[in-house]
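Trainee:
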Amino acid sequence: MTNEQHFSAIGKHTVRLDGRAKADGSAKFTVDIRLAGMIYMKVLRSPHAHARVKEVYTQEAEKMPGVLGVLSHLDLAGLRVHNDMLDDRVSYLGEAVAAVAALREDTAADALELIRVEYEELPAVLNALAAVCPDAPAVRHTGNVASWKGPKTSEKGCSDHWEKGEVERALAESDIVAETEFHTHAQYHVCLEPHACVMDWEKGAGALTAYISTQAIYQDQVNLARALELPIEKVRVKCPFVGGGFGSKAENTCKEYYMAAMLSRKLQRPVKYVPERSEETLTAMRHPADFVYKVGVLNDGTIHAIDMKVLRSGGSHTSLQMNFLAGSTDYVVPTYVKSPNVRYEGWSVYDNLPLCAAFRGFGYFESGTAMAQALDLAAEKLGMDPVEFLIKNVPERGDPVGANQVPLTTSGIGDVIRECARRIGWKQKWHRPGKKRLSDGRMHGIAAAHAMGRSTLPEFVVTGNASIEVRENGTALVMAGITDIGQGQATGLAQIAAEAIGLKVEDIHVLWGDTIAPITGHQVASSTTMMTGNAVRLAGLDAKRQILKHAVPVLEAAEDELEIEDGHIYVKGNPVKRVLVS
0 MTNEQHFSAI
10 GKHTVRLDGR
20 AKADGSAKFT
30 VDIRLAGMIY
40 MKVLRSPHAH
50 ARVKEVYTQE
60 AEKMPGVLGV
70 LSHLDLAGLR
80 VHNDMLDDRV
90 SYLGEAVAAV
100 AALREDTAAD
110 ALELIRVEYE
120 ELPAVLNALA
130 AVCPDAPAVR
140 HTGNVASWKG
150 PKTSEKGCSD
160 HWEKGEVERA
170 LAESDIVAET
180 EFHTHAQYHV
190 CLEPHACVMD
200 WEKGAGALTA
210 YISTQAIYQD
220 QVNLARALEL
230 PIEKVRVKCP
240 FVGGGFGSKA
250 ENTCKEYYMA
260 AMLSRKLQRP
270 VKYVPERSEE
280 TLTAMRHPAD
290 FVYKVGVLND
300 GTIHAIDMKV
310 LRSGGSHTSL
320 QMNFLAGSTD
330 YVVPTYVKSP
340 NVRYEGWSVY
350 DNLPLCAAFR
360 GFGYFESGTA
370 MAQALDLAAE
380 KLGMDPVEFL
390 IKNVPERGDP
400 VGANQVPLTT
410 SGIGDVIREC
420 ARRIGWKQKW
430 HRPGKKRLSD
440 GRMHGIAAAH
450 AMGRSTLPEF
460 VVTGNASIEV
470 RENGTALVMA
480 GITDIGQGQA
490 TGLAQIAAEA
500 IGLKVEDIHV
510 LWGDTIAPIT
520 GHQVASSTTM
530 MTGNAVRLAG
540 LDAKRQILKH
550 AVPVLEAAED
560 ELEIEDGHIY
570 VKGNPVKRVL
580 VS
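Structure representation (structure tokens):
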């Protein structure tokens, strides 16, 4: 499986496994799930960014015809959500305070108006800069600065720091120093399908089946089992189709999911929750960040020093703040370009905002864009072609990269930049800043930048597992615990399995989006095809070996003389001598 021209399935046109269902409308997303006896949940939300919930009065709502159950924030005290123990506080504007389950969705919505909540409003921290002020109110009890060991105060230093060489000396030695400040704003994912769920408690089994629009079925399984104090095998999560994720559904088992699960167990009925579009913005977002870069360069274009500081908003609850910070620092500053002198200081802070989430990447796009500005400015100050500047400074094979300074085993970055420049006619189009105007008088600009992903770095590994069952009729069932978030991962796995075993793609069936399949990592970081795909390939090769072993006495040939193609086992030197896999 190393030469594309020999592939029979990979790289070939095939109909997507979910294509027909999505085209004819039979595909069932979480928002489409309908179960017998299902009831509907609506959520009352906090009008304060930070407050103590003193009492929740639900009696009037409970009396309303059609209302079957009410749950309040205080009922969840002690529950671990987003790695934090819930107490009597709400920590951001719009946080769920109470939930109503009713026979009809509109009844549940009307009942919310009958709930009265007594709050003690607390001082709020509404941005990252305010969070690190010495007199800032505490968002988390032990401090507003996140770290790998938990929240701490700003007096105890930044969240993360790394340095090699002598940065201050190197900056002083540099012939030019380019300094940039870069600010990114909040961004919302706006997935077509919101963070919906259907929780179905099975009384006889004492188990929960959860239908969730998610990128991480196993994380949700673990979190729900822990919240309900159940053995993990008593929670099954299913997600056959996802209406978009982009990172927003990768880690956050929403507080509302726990509420729906608890109401389902309490009422012994399936509970469905679909947030309104206005509520969806409260689930997760890419938070703002501030970057300051200093890049010291010698006259020959060599980058002599890099100094970077970053301040990132992390939201009110512990989730992946430090991962995003690492994405902004570890995976960009000592990786995008090489330099003997590098330093960064990073602060990821708690503030009274919704959950911090990935958005097509774990922090490196924002930081990489900021670095690109600094590198472009450095090239401008030198009067150097930005493409030549990049080629001179990108890491090559053997260069240490990342915070762990792992040597690159392969690198074609320079070659790729050079080839891209050739294809777009960079040499003919490039000019120094301010040297060209369009016919209507507007200034014309042109720039170059490069970027990287994180999925294949050794410090960031998403696991993949799969099993394959070859059936008597010659078809195969691939079981892989992925969620197909739109890119066609399940179809890709079918192609890989067909290639590895020697079957036709149409004879491969894939079970995905279900925790009964072998556990695998989140569907993040463009890693599913690489990680789970390789697990499928290895399982397929193992299945093929077992098939050939059983075929030896039938075809009266040694195992290494046999091959499988299009569902037929044949003798390599005598292809007429063949049998069906079935």
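Sequential numbering from 0 applies to the sequence shown in numbering that gives the first Met the number 0.
C-beta atoms are modelled at their ideal positions from N, C-alpha and C, and glycine is treated no differently.
#1: Please name the residue, chosen from V553, A465, I563, that lies closest to M530 on a Cα-to-Cα basis.
#2: Is S7 helix, strand or coil when you go by DSSP?
#3: Our contact map puts S158 next to W346 with C-beta atoms below 8 Å; I'd like the distance itself, whole angstroms only.
#4: Pick out whichever of V405, Q404, C419 has its Cα sitting closest to the Cα of G411.
#5: Mind checking which residues open and close the beta strand (DSSP E) that includes G345?
#6: Measuring only the C-alpha atoms, how far is T1 from N222?
#7: Quick one: Cα of I484 to Cα of K27, how far?
#8: Kindly indicate the opening and closing residues of the beta strand (DSSP E) around I302.
#9: Please report the residue range of the beta strand (DSSP E) in which W147 lies.
#10: Please report the distance separating the alpha-carbon of V341 from that of H12.
#11: Mind pulling the beta strand (DSSP E) runs of 3 or more residues that sit fully within the region 389 to 473?
#12: How would you call L586, buried or exposed, if buried means at least 16 neighbouring beta carbons within 10 angstroms?
#13: Determine the direct distance from the alpha carbon of A97 to that of I88, and round the result to whole angstroms.
#14: For V189, name the three-state secondary structure that DSSP assigns.
#15: When you compare the region 173 to 182 with the region 355 to 363, are there three or more beta-carbon pairs, one atom per stretch, that lie closer than 8 Å?
#16: With A260 and V236 assumed to form a contact (beta carbons below 8 Å), what rounded beta-carbon distance in angstroms separates them?
#17: Once you ignore the five residues that flank A50 on each side, which residues in its own chain have a CB closer than 8 Å to its CB?
#18: Identify the continuous beta strand (DSSP E) that holds R235 and give its terminal residues.
#19: Measuring CB to CB, does V270 end up less than 8 Å from A195?
#20: Buried or exposed, going by whether 16 or more other CB atoms sit within 10 Å of the CB of L437?
#21: Relative to the alpha-carbon of A95, which residue among E255, V124, R103 has its alpha-carbon at the smallest distance?
#22: Quick one: Cα of S318 to Cα of N82, how far?
#23: What residues in its chain sit with their C-beta under 6 Å from that of W425, if we drop five residues either side in the sequence?
#24: DSSP on S71, reduced to helix/strand/coil?
#25: Going by alpha carbons, who is nearest to S7 out of L67, E564, V570?
#26: What whole-angstrom Cβ distance do G362 and S327 have, given they're in contact under 8 Å?
#27: Of all the options A224, L389, A489, which has the alpha carbon lying nearest to the alpha carbon of T301?
#28: Could you name the residues of the same chain whose beta carbon sits closer than 7 Å to that of E165, not counting the 5 residues immediately before and after it, in chain order?
#29: Measuring alpha carbon to alpha carbon, tell me which of I32, A110, K293, V553 ends up nearest D199.
#30: Could you give the distance in angstroms between the alpha-carbon of V197 and the alpha-carbon of A123?
#31: Considering Cα atoms alone, identify which of L579, V580, S581, A556 is closest to K571.
#32: Out of L78, P133, V296, which one is the CA nearest neighbour of K391?
#33: Distance, Cα to Cα, K293 vs Q214?
#34: Please report the residue range of the alpha helix (DSSP H) in which P552 lies.
#35: Does the separation of the CB atoms of C253 and T29 fall below 8 Å?
#36: Would you please state the rounded distance, in angstroms, between the beta carbons of P193 and M284? I believe it to be under 8 Å.
Mentor: With the given structure in hand:
#1: Nearest neighbour of M530 by Cα position, chosen from V553, A465, I563, turns out to be A465.
#2: coil
#3: 5 Å
#4: Taking G411 as reference, the option from V405, Q404, C419 with the minimal CA-CA separation is C419.
#5: Secondary structure note for G345: its beta strand (DSSP E) is the uninterrupted segment 341 to 348.
#6: Reliability of the predicted coordinates at T1 is poor, the pLDDT of 46 falling under 50, and no value is obtained from them.
#7: Cα-Cα distance, rounded: 13 Å.
#8: In the DSSP annotation of this structure, the continuous segment of the beta strand (DSSP E) that includes I302 starts and ends at 302 to 312.
#9: Note, W147: premise wrong, no beta strand (DSSP E); not H, not E.
#10: 47 Å
#11: 466 to 469
#12: Nothing can be reported for residue 586: it is not among the residues displayed for the chain, which extend from 0 to 581.
#13: With the sequence shown as reference, residue 88 is identified as Arg, and Ile is not the correct amino acid for it. In this structure, the straight-line span from the alpha carbon of R88 to that of A97 is close to 13 Å.
#14: coil
#15: no
#16: Actually they do not touch by this definition, with Cβ atoms about 11 Å apart.
#17: R88, V89, Y118, E119, E120, L121
#18: Per DSSP, R235 belongs to the beta strand (DSSP E) from 234 to 237.
#19: no
#20: exposed
#21: E255
#22: Approximately 7 Å, taken between the alpha carbons.
#23: Excluding sequence neighbours, W425 sits near V386.
#24: strand
#25: E564
#26: 4 Å
#27: L389
#28: Sequence-distant partners of E165 (beyond 5 residues in either direction) whose C-beta falls short of 7 Å from its own C-beta, in its chain, are N340.
#29: I32
#30: Straight-line Cα distance between these residues: approximately 33 Å.
#31: A556
#32: Here the closest residue by C-alpha is V296.
#33: 37 Å
#34: 527 to 554
#35: no
#36: Not quite, the Cβ-Cβ distance comes to about 14 Å (not below 8 Å), so this is no contact.
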